[in-house]
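What follows is one structure encoded as structure tokens, with my remarks underneath.
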Amino acid sequence: MAIPPEIFLLPAKSDATLQQQIQQVVAEAIVSGRCAPGEKMPSSRRLAEHLGVSRITVTLGYTELVANEYLVSRDRSGYFVADTAPTRPVFADQAEDSRGGVDWDRKLTRRTLQRDDILRPPNWSDYRFPFIYGQSDPDLFDHGNWRNCALRAVGRRDFDSLAQDHYQNDDPMLVEFILRQILPRRGIRAHPDEILITMGGQNALWMIAQLLLSEGQKAIVENPCFPGLRRIFDQMRYVATSVDVDGDGLPPDRIPPDADLVFTTPSHHAPTNVTMPLERRLQMLDRALQDDFLIVEDDYEFEMSFLNPPAPALKSLDRAGSVIYLGSFSKSIFPGLRLGYVVGAKPLIQEMRKLRTVVLRHPPSHIQRTTAYFLSLGHYDSQLARMARVYGKRRAIMEGCIREFGLTPAGRDMHGGSSFWMKAPPGVDTTQLALDLRRNSVLIEPGNAFFAHRAPDKAHYRIAYSSINANLIRDGMALLAEAIRQAPRA
126 MAIPPEIFLL PAKSDATLQQ QIQQVVAEAI VSGRCAPGEK MPSSRRLAEH
176 LGVSRITVTL GYTELVANEY LVSRDRSGYF VADTAPTRPV FADQAEDSRG
226 GVDWDRKLTR RTLQRDDILR PPNWSDYRFP FIYGQSDPDL FDHGNWRNCA
276 LRAVGRRDFD SLAQDHYQND DPMLVEFILR QILPRRGIRA HPDEILITMG
326 GQNALWMIAQ LLLSEGQKAI VENPCFPGLR RIFDQMRYVA TSVDVDGDGL
376 PPDRIPPDAD LVFTTPSHHA PTNVTMPLER RLQMLDRALQ DDFLIVEDDY
426 EFEMSFLNPP APALKSLDRA GSVIYLGSFS KSIFPGLRLG YVVGAKPLIQ
476 EMRKLRTVVL RHPPSHIQRT TAYFLSLGHY DSQLARMARV YGKRRAIMEG
526 CIREFGLTPA GRDMHGGSSF WMKAPPGVDT TQLALDLRRN SVLIEPGNAF
576 FAHRAPDKAH YRIAYSSINA NLIRDGMALL AEAIRQAPRA
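Everything in the sequence shown is counted per the numbering used here, starting at 126 for the first residue and increasing by one.
Below is the structure:
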């Protein structure tokens with residue numbers, strides 16, 4: 126007797142193709158034991174009628190399941206669950222231990238500390254007006270060429286190399302492109318042994334902190350700054366020294382003379398977006414040489430310099446080797462890629478490579494090779510040009526709305542970026558404002574998470590335009606302005 130088609134239901138919401146969905150639901154039914162080895166599957170016609178899909182879609186799904194040994198095909202008899210199909214192990218029920226369970230409160234001797242993160246719901250894409258930073262607009266991404274690059278990366282020509290464990294090594298094609306194309310745009314020259322591929326900027330910052338900071342050493346961070354950096358220090362039980370930024374970024378004359386490591390974002394300060402002028406960059410390098418400290422330059426979003434040409438990277442001006450340079454493809458390709466790179470002195474890169482090997486060996490080879498093809502075939506530059514055009518238009522609309530609705534910018538943007546740093550009227554709590562705005566499907570980011578604990582802030586907030594359609598910006602900004610007018614004052 127055949128398995129009834131009614132036991133198979135397609136998911137209500139899925140990004141997979143219909144053929145893939147059919148494969149998934151049939152495989153799950155087999156693995157879970159609802160379909161036993163030897164049982165006959167519904168005919169392709171009956172299952173197609175039940176699911177409301179074409180018969181060829183079901184046939185193609187069945188064929189793929191045969192190739193993966195979930196099903197077998199018997200001439201003129203149809204498809205059957207294979208005797209060799211994978212199943213989940215079944216364990217006998219065990220009586221609850223009368224001595225009680227594990228006391229995890231006692232076992233977890235080093236918990237992950239949680240400081241306030243940027244207030245952002247996981248389902249942000251369901252909101253109509255998502256003025257949030259760091260998320261991509263799928264309409265701007267070159268899906269077709271990325272897919273072609275991914276297929277090329279796993280093709281026969283590349284697969285033998287990518288299937289191997291490369292231990293400490295990175296993809297030579299990706300490293301070569303960064304050396305020859307990406308770094309020269311920032312005025313940086315380096316050798317292959319001075320570059321390490323990372324799982325994004327956060328991974329790079331963590332490794333640098335682990336290798337260069339120990340008890341008694343002093344790290345300087347900007348205030349406000351990227352919250353992820355402070356979370357790294359929290360987990361290390363390390364207290365960094367915060368230095369308030371001004372209208373030109375981190376002031377070199379406020380850096381203590383006993384500093385060992387200085388973290389800075391000179392191209393687009395996080396989160397104010399101000400750009401450090403050339404004179405200050407040179408002063409920073411002079412101080413590093415004078416007081417013997419290292420500088421970690423996080424050069425995120427330098428590609429989004431569409432208002433003015435990007436300022437030279439600190440690393441390009443460094444003649445003493447004091448600067449460790451961080452770059453990322455998360456904002457320019459897509460956030461989920463989680464791929465970045467570090468440029469530094471050879472001894473540092475060697476140690477970072479060893480540390481990375483302890484945790485993850487190297488970022489996945491096929492992701493590195495796909496990215497290398499996407500960059501080298503010109504798709505990356507085309508996407509950057511497209512993003513610059515669209516972001517420029519969205520920015521102009523948002524600037525007009527800020528003036529029209531009387532909102533107050535708090536940062537002085539010089540080169541672009543994809544967000545505005547704003548300040549609410551005195552007495553308005555932007556954390557509560559952000560929660561209230563959700564009722565009207567508006568998302569903003571309150572600024573408190575960016576500040577040091579010693580200087581809590583309720584006045585600032587960030588609004589971004591990377592993931593909101595230009596046609597929706599004005600309506601969303603009008604709702605924001607109205608919510609600010611109605612917000613209670615402390």
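Think of the CB as a built atom: it goes at the ideal place given N, C-alpha and C, for glycine as much as any other residue.
Check, Outcome
"I588 beta carbon less than 8 Å from that of F545", "yes"
"Cβ contact check for the region 494-505 and the region 343-363: 3 or more pairs under 8 Å", "no"
"Rounded straight-line distance, which links the Cα of D228 to that of A220", "In this prediction, A220 has a pLDDT of 49, which is less than 50 and means its spatial position is unreliable; nothing more can be read from the coordinates."
"Secondary structure of E607, DSSP reduced to three states", "helix"
"Status (buried if at least 16 other CB within 10 Å, exposed otherwise) for D296", "buried"
"Limits of the unbroken alpha helix (DSSP H) element including T366", "Segment 366-369 is the beta strand (DSSP E) holding T366; no alpha helix (DSSP H) there."
"Inter-residue spacing [alpha-carbon to alpha-carbon] between E476 and E319", "11 Å"
"6 Å Cβ shell around V197 - same chain, five flanking residues per side excluded", "F205, A207"
"For G269 and L276, the rounded distance between their alpha carbons", "11 Å"
"Own chain, CB closer than 7 Å to G552, minus 5 neighbours either side, in chain order", "R614, A615"
"Nearest residue (CA-CA) to F454, options G517, V484, A497", "A497"
"Same chain, Cβ closer than 6 Å to L337, neighbours up to 5 away in sequence not counted", "L386"
"W331 versus S169 - alpha carbon distance", "53 Å"
"Inter-stretch contact (C-beta, 8 Å, three-pair minimum) for the region 558-568 and the region 604-612", "yes"
"For F499 and D262, the rounded distance between their alpha carbons", "18 Å"
"For H268, the three-state DSSP class (helix, strand or coil)", "helix"
"Inter-stretch contact at 8 Å, needing at least 3 Cβ pairs: the region 513-529 / the region 457-477", "no"
"G452 - containing alpha helix (DSSP H), residue span", "No alpha helix (DSSP H) holds G452; the beta strand (DSSP E) holding it covers 448-453."
"Euclidean distance between Cα positions of L661 and D416", "In this structure the chain extends from 126 to 615, so residue 661 is not present and cannot be described."
"Limits of the alpha helix (DSSP H) - the one that E194 falls within", "No alpha helix (DSSP H) contains E194, which DSSP labels as neither H nor E."
"Whole-angstrom C-beta distance between L442 and R406, which should lie under 8 Å", "6 Å"
"Rounded separation between D140 and A580 - CA only", "44 Å"
"Through-space distance from V156 to H175, alpha-carbon basis", "22 Å"
"Per-residue burial, H316 [other beta carbons within 10 Å of its own, 16 or more giving buried]", "exposed"
"Boundaries (first-last residue) of the beta strand (DSSP E) holding H585", "585-589"
"Classification of V299 by the beta-carbon crowding that lies within 10 angstroms, buried from 16 upward", "Strictly speaking, residue 299 in this sequence is Leu, with Val absent from that position. When all chains shown are included, L299 counts as buried."
"Element boundaries [beta strand (DSSP E), containing T619]", "Any question about residue 619 goes unanswered here, given that the chain covers just 126 to 615."
"Buried versus exposed, by CB contacts within 10 Å (16 or more), A608", "buried"
"L375 beta carbon less than 8 Å from that of L410", "no"
"Backbone secondary structure at S169 - three-state DSSP", "helix"
"Length-filtered (3 minimum) beta strand (DSSP E) runs lying within the region 440-517", "448-453, 465-468"
"Local conformation of A549 per DSSP, three classes", "coil"
"For F254, the residue or residues it bridges with in DSSP", "V567"
"8 Å Cβ cutoff, L244 in contact with chain C", "Chain labels in this structure do not include chain C; a single protein chain is all it has."
"Within the region 287-317, ranges of the alpha helix (DSSP H) (whole runs, at least 4 residues)", "297-302"
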